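Below is one structure, written out as structure tokens; comments come after it.
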Amino acid sequence: MAKRVLISDDAAFMRMMIKDILTKNGYEVAGEAENGKVAVEKYEETKPDLVLMDITMPEMDGIQALKTIKAAHPEACIVMCSAMGQQAMVIEAIQSGAKDFIVKPFQADRVLEAVKKAVG
Numbered sequence: 001m002a003k004r005v006l007i008s009d010d011a012a013f014m015r016m017m018i019k020d021i022l023t024k025n026g027y028e029v030a031g032e033a034e035n036g037k038v039a040v041e042k043y044e045e046t047k048p049d050l051v052l053m054d055i056t057m058p059e060m061d062g063i064q065a066l067k068t069i070k071a072a073h074p075e076a077c078i079v080m081c082s083a084m085g086q087q088a089m090v091i092e093a094i095q096s097g098a099k100d101f102i103v104k105p106f107q108a109d110r111v112l113e114a115v116k117k118a119v120g
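So this is what it looks like as structure tokens:
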């Protein structure tokens, strides 16, 4: 069975790009979220194998959403994405339980490498 991935990014274009990369490589997109708050709700609904989470989002940022999901589901597998090479945020995300980190603009092979590393 295909691994199910929840994509959380405030940019519809980014969600579309990631969805395209994943579906072409045999992954199933369990859902999409435009902010951290929706990502937390969708995680509860869909229980995906992996979440690809943008850091900078309105309403609730990715780090907050990561912490919220991890608090309720310690086994949750989350890979963070961000355009900004902000070391502090990357470190906080990893310390908060993120499995990996992808920098935008995405390289398809880097996205797949992170996904495979996280969920096989």
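For the sequence shown, the tail end lands on 120 under UniProt numbering, and the numbers increase by one without skipping.
Yeah, the Cβ is synthetic: ideal placement off N, Cα and C, and Gly gets one too.
Values in this document were obtained by computation on a predicted structure and should not be read as measured data.
CA-to-CA distance, residue j to residue i, given in whole angstroms
i	j	result
Ala39	Ala88	22 Å
Ala100	Ile91	Checking the sequence, you will find Asp at residue 100 rather than Ala. Distance between the alpha carbons of Asp100 and Ile91 is about 10 Å.
Lys3	Lys70	19 Å
Ala83	Met1	31 Å
Pro48	Ala72	14 Å
Cys77	Gly120	11 Å
Pro74	Met80	16 Å
Arg110	Thr68	26 Å
Ile94	Val103	14 Å
Phe106	Ala12	14 Å
Ile7	Lys19	8 Å
Lys24	Leu112	11 Å
Thr46	Leu52	14 Å
Terminal residues of the alpha helix (DSSP H) in which residue i lies
i	result
residue 133	Residue 133 falls outside the range modelled here, since the chain spans only 1 to 120, and no answer is possible.
Met80	Run containing Met80: none in the alpha helix (DSSP H); it sits in the beta strand (DSSP E), 78-82.
Asp109	108-119
Gln86	Taken as a continuous stretch (DSSP letters only), Gln86 belongs to no alpha helix (DSSP H), as it is neither H nor E.
Lys47	Unbroken run through Lys47: none, as it is neither H nor E.
Cβ-Cβ distance between residue i and residue j below 9 Å
i	j	result
Glu44	Asp10	no
Leu50	Val115	yes
Gly26	Met57	no
Asp54	Met14	yes
Ile21	Ala98	no
Per DSSP, the bridge partner or partners of residue i
i	result
Ser8	Ala33, Met53
Asp100	Val79
Glu28	Arg4
Cβ-heavy atom distance, residue i to the ligand GTP, below 8 Å
i	result
Cys77	For the structure depicted, the ligand GTP is absent and the ligand set is empty, with no information on it obtainable.
**Asked** Do the segment 24-31 and the segment 60-73 meet, that is, are 3 or more Cβ pairs less than 8 Å apart?
**Response** no
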